[in-house]
Structures are given as structure tokens and as C-alpha cells.
Amino acid sequence: LFILPFQKILYPYFSGFITSGLELWAGEECAKSNFRRRFWGSIPVFAQSFFSDSDCWRRHLSLDPFTGSDPPDIKLRSAQGFEAADFFMSAFWVWDKLIENLADVGYDASNMVMMSYDWRLSFEMLEKRDGYFTKLKHTIEAYKKTSGGTKVVLVSHSMGSQVVLFFFKWVTTKEKDGGGGGGKDWVEKHIHVFTNIAGPLLGVPKAVSALLSGEMKDTAVLFGTMGQVIEHFFGRKKRKDLWNTWGSLWAMLPMGGDAIWGSGVDIMAGNRTSIETTNTITSKNSVNGDDDSISAPSIVKDNTDLDLSSISITPFITIRNFIAHPEKFNTSSTTNNELQQESDMSRNNDVKNRHWTLVDSIEYLQNWGGGYGSKLHSTSWNNSYKKGKSSKVKWHDPTVTPLPHAPSMKIYCLYGTGIETERSYFYYNISTHMNEGQNDDLQYLMDTSVNNPESNIRHGTRFSDGDVSVPLLSLGFMCV
857 LFILPFQKIL
867 YPYFSGFITS
877 GLELWAGEEC
887 AKSNFRRRFW
897 GSIPVFAQSF
907 FSDSDCWRRH
917 LSLDPFTGSD
927 PPDIKLRSAQ
937 GFEAADFFMS
947 AFWVWDKLIE
957 NLADVGYDAS
967 NMVMMSYDWR
977 LSFEMLEKRD
987 GYFTKLKHTI
997 EAYKKTSGGT
1007 KVVLVSHSMG
1017 SQVVLFFFKW
1027 VTTKEKDGGG
1037 GGGKDWVEKH
1047 IHVFTNIAGP
1057 LLGVPKAVSA
1067 LLSGEMKDTA
1077 VLFGTMGQVI
1087 EHFFGRKKRK
1097 DLWNTWGSLW
1107 AMLPMGGDAI
1117 WGSGVDIMAG
1127 NRTSIETTNT
1137 ITSKNSVNGD
1147 DDSISAPSIV
1157 KDNTDLDLSS
1167 ISITPFITIR
1177 NFIAHPEKFN
1187 TSSTTNNELQ
1197 QESDMSRNND
1207 VKNRHWTLVD
1217 SIEYLQNWGG
1227 GYGSKLHSTS
1237 WNNSYKKGKS
1247 SKVKWHDPTV
1257 TPLPHAPSMK
1267 IYCLYGTGIE
1277 TERSYFYYNI
1287 STHMNEGQND
1297 DLQYLMDTSV
1307 NNPESNIRHG
1317 TRFSDGDVSV
1327 PLLSLGFMCV
């Protein structure tokens, strides 16, 4: 998050997912040489620590799966100041150009501030562990007091937009209800503009695949030597185990359910495409060499009068060779209904492919909990919301939590379009691919053999319009 003042107002900047540095303040013996160095965000430290002892590196990047906070004897904290997120890995600029351009018109460190944060944490844990939102509230109030009553401009990038939405609800909620106690008109009194840059306001589909199998499009298409190296040092199981401890990734699961994500409004509009029929995709079985047919929506081009709102994109995940093995399931992390359903399918032996909607996919993740079941901090937090025990889990969700009462505040949304972005997936049941036994705690893996360019499907991923990371539906729908 980045804060700027209007006409020399304060500009707080909110960085996005993984883009700000994390410094080591306490660690195991294998990492102590990096004390106060950037354990995340520095290429030299990353290369040295990752390739010399990748398990040590992964343990220090992980959060405690049961508390959602620091593991025992390990402490990483966000870097501070503009240097925290001006560049990513010291090589790719993130905020640097904006900071430099604002400096050219008179801004400096007295009226700009980088509100960096530990992007691994759930939003509730940001306040509980670091007092992040309390500090943000005091920073804004102090600037208004010392600047003669000037409101501020909030500038967020990527996940930073969700941080801002959570803050809006937190700051206007009474302290006795877990909020900041600023009053319902606090945002109106203090915020002039909220500028959202490439914010995944409705989440991202890749959060599902990352939590389900430690995969996304970028990792699934790594073949040959590079793919073997990545799998050796940081394989799917290790990625899945690490990512499931990050509460922030759970917060970026797609929001709004199938009513929103089942819509095809972000189909690549440049081709004037529509979905009208069912296509049969041939996928080569890597074990027995057989061809398996998978049904998928086909795309009809050159429909210039297309009503994209009438298109449906379902299922969210298609699972090939779905042959159940109930004895492999941990009943503590799988519902009884699901176990019975899979047992019935196994006995009947008449189900080859299974289709999950988005709601199905997220429900499976919450029941499974990355192998921890309901004990995983992030799933227990979500399950408490289902039981009506807490609403904080939805404070960043614009489909559930309304914007604050701030009639004079302006919101600007800036985002890219026209780039293929992952939207849904094809998987296979790992129990039918015995050569993958080294990942036997993963039930499903991405099926990279599925391809159909006519339906924008390549290497097991279906693409839609977006900015390469976030689909257009999430970038722009809430901004219209």
C-alpha cells in the first residue's frame, strides 16, 4: 500500500503479493547468517539459501499451519521504507517509477509512505501479530492533523487492493467487534481517493490450483531439464505444503461463487468468441498410452453480436480418470458424504471424468486443508464464518461486505487486458498414475496433456482475458 496526499497530500502505497521484501529476525542455525538480510526479495540471498539448503529456506518461508503466525524460533518481518517494494528481487521495478515521477513534481518522504506488510499472513493476522491496520490508521490520522486537514490518497497494487478493502471495514467497525473504532464516517473524513492498480478484487483462479496441487500454469508447463530441476529442489508437494500455510493465498480464492465465476464475460473478446457446443478433446494417457476423451466447451468465432453475459464457463475443474480409493482418504479432512460418493463411484466403476464447479473446488480445499483438515488455521477461520462465529474472513470480499459510507471518496481502477490469463483447469486422479508415487499425498495433479487451442486450452489450463495474472472478471467487474 502506498499513501499520497491530494495536492501534496499523503500517498500510502500498498504493495502486492510477494513483491515486498521479508527480513530474517530470528531463525534456525541454517539461516542465522542471514540475520536482518532479505530472506525474500534479494537474489543473492535467495540463490545462496535456496540452492544450498532448500528445506531450510522453505521452513523459514512457511507459517505455522495451526496458528497462521510464526513457526517456533523463526521470525520474518516485512522490510520497511520505499526500498521494501520499489524493486522486486532488486531487478524488476514495482513502485520505483511511480516514486520517481512523483518526486519530479515535488513529492518526497514527508508526503509519501510505503505501507509494506508481510504478504504471507491472513489479513486478520496482520493486525493480530503486527498491529498493521492500527499503525495504518494512526499514520493517516497523523498526516491529516499535521497537514491542516488534508485527506490522503491510497494507492494499491495487486493483493494490496484486498488489504485496503479489509482496512475500510476494519477501521469503521467498533473496537468491541474487532475493528479499529474509527466510526462509520472515518473513511469519508480521511480518504480522498483510492487508486486500485491490477487488484484481484474477486480473487484469482490460480489460488485454487496452488493450494490443491502446488501448481499453476507457470509451473505445470516446465518440461525437460528445467522442470526436473524445479521438481528436485522445490517440487509440487513442497510447494503445496508451503503455500497452504499462507493465509493470504486462501484470502485470494475466487469470491462470488459460481454465479460470478460461471459466467463467460471475460472470454477473449478480440476473437468475438462464444461457447455454444461441446468439443471432444483427446488427451494422451502417459501411463498406458490410451487416448481419453474429455468434454469441453468449444468456441465459435466471429460472432459479432455476442452477448458474453449469457455464456457459462463450467466446470471450473475437470478431473480425468476419476477412480476412487476411499482407503487413501483421511476421514478427518474429508466429508462423510464425499467418502460415500466416491466409494459408490468406485464400486460402480462407471465414472471416468468428474466435474467440479468453483464452489465444489473451494469446499474440497476447505475440507482437505492441504492435508491438515480442519486443523489448518486458514480453513478453521473459513469454517468459523460458515458457522456464523466470525465475519472478518469476508471483510475483504466485495460480494459480501459493502464499501464504507464515503460519498465523496473516488475509486479508480487501473488494469491491463488482452493477455491470456488462466481461468479453469484440467486435472487427473494421481491414484491412476502409479509412476507419480513420490507425490502420494497429492490426490490430484494438473493434466498438462489436455490441449484444445480452439477453446483456449493449453497444457491443462483454460485461458480468458486478463493481465496474465488476474482474469478480467476479477480486475474490472467490481469497478464498473
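Each residue of the sequence shown is one higher than the one before, counting from 857 in the working numbering.
The C-beta atom is built at its ideal place from N, Cα and C for all residues, glycine as well.
Residue i to residue j, Cα distance in whole Å?
| i | j | result |
| --- | --- | --- |
| E885 | P921 | 21 Å |
| V1336 | P1056 | 14 Å |
| S1264 | I1116 | 29 Å |
| I1275 | E1071 | 20 Å |
| D1303 | N1285 | 9 Å |
| K1040 | G1103 | 27 Å |
| M1290 | T1174 | With a pLDDT of 45 at M1290, under the threshold of 50, the modelled position of that residue is not reliable, and the figure given next carries that caveat. Each residue's Cα considered, the two are about 20 Å apart. |
| H1261 | M971 | 24 Å |
| Y1281 | L1329 | 17 Å |
| M1015 | A1054 | 9 Å |
| D1216 | D1122 | 21 Å |
| I1250 | K1073 | This sequence places Lys at residue 1250; Ile is not what is there. Looking at the two C-alpha atoms, the distance is approximately 27 Å. |
| F1090 | T1273 | 31 Å |
| G1225 | L878 | 25 Å |
| Y1228 | V1256 | 27 Å |
| V1324 | T1317 | 13 Å |
| K1248 | F1024 | 12 Å |
| G1034 | M968 | 29 Å |
| I1150 | F906 | Confidence is the limiting factor: at I1150 the pLDDT is only 49, short of 50, which leaves the residue's position unreliable and the question unanswerable from this model. |
| R933 | D911 | 20 Å |
| A947 | K931 | 25 Å |
| G1120 | M1111 | 15 Å |
| S966 | R976 | 28 Å |
| N1144 | M981 | For N1144, the pLDDT reaches just 36, beneath the cut-off of 50, and the residue's location in the model is therefore unreliable, although a value from the coordinates is still provided. C-alpha separation (whole angstroms): 47 Å. |
| T1170 | Y973 | 36 Å |
What would DSSP say about residue i, mapped onto helix, strand or coil?
| i | result |
| --- | --- |
| E1071 | coil |
| Y1220 | helix |
| L932 | strand |
| R1176 | strand |
| A882 | strand |
| M1265 | coil |
| N1100 | helix |
| G1322 | strand |
| W975 | coil |
| Y1228 | coil |
| H1252 | coil |
| I1116 | helix |
| S1305 | coil |
| M1111 | coil |
| F1050 | strand |
| T1235 | helix |
Are there 16 or more other CB atoms within 10 angstroms of the CB of residue i, so buried, or fewer, so exposed?
| i | result |
| --- | --- |
| G962 | exposed |
| G854 | For residue 854 there is no data in the structure shown, the boundaries of the chain being 857 and 1336. |
| W881 | exposed |
| E1310 | exposed |
| I899 | exposed |
| T875 | buried |
| G1005 | exposed |
| V901 | buried |
| K1096 | buried |
| W949 | exposed |
| N1204 | Residue placement at N1204 cannot be trusted, given a pLDDT of 47 that sits under 50; the coordinates are not used to answer. |
| N957 | exposed |
| D942 | buried |
| L1063 | Per the sequence shown, the amino acid found at residue 1063 is Ala instead of Leu. A1063 comes out buried. |
| H1046 | buried |
| P1258 | exposed |
| E1031 | exposed |
CB-CB under 7 Å to residue i, same chain, minus the five flanking residues each way: which ones, in chain order?
| i | result |
| --- | --- |
| G1332 | C1269 and Y1271 |
| S918 | P927, L1098 and T1101 |
| H1233 | P921, F922, T923, G924 and G1103 |
Excluding the 5 residues flanking residue i on each side, which residues of the same chain have their C-beta closer than 6 Å to its C-beta?
| i | result |
| --- | --- |
| L1021 | H1252 |
| M1334 | L1057 and P1254 |
| L1221 | L1067 |
| N1052 | S1012, S1017 and C1269 |
| W913 | S905 and F906 |
| D812 | Shown here, the chain extends from 857 to 1336; a query on residue 812 therefore has no answer. |
For residue i, verify whether its CB is less than 7 Å away from any heavy atom of the ligand MN.
| i | result |
| --- | --- |
| E1087 | Of the ligands one can find in the structure shown there are none, so the ligand MN has no counterpart to examine. |
Once the 5 residues before and after residue i are set aside, which same chain residues still bring their CB inside 8 Å of it?
| i | result |
| --- | --- |
| V1043 | F1024, V1027, T1028, P1260, H1261, A1262 and M1265 |
| R1092 | S1069, G1070, E1071, T1075, N1295, L1298 and L1301 |
| T990 | E983 and G1036 |
| R893 | E879, L880 and V901 |
| I1218 | V1064, L1109 and P1110 |
TODO: Pick out the complete alpha helix (DSSP H) segments inside the segment 881-956, 4 residues or longer, and give them in chain order.
DONE: 899-908 and 910-917
TODO: Starting from the N-terminal side, write out each stretch of the beta strand (DSSP E) that is 3 residues or longer and does not extend beyond the segment 964-1008.
DONE: 968-970
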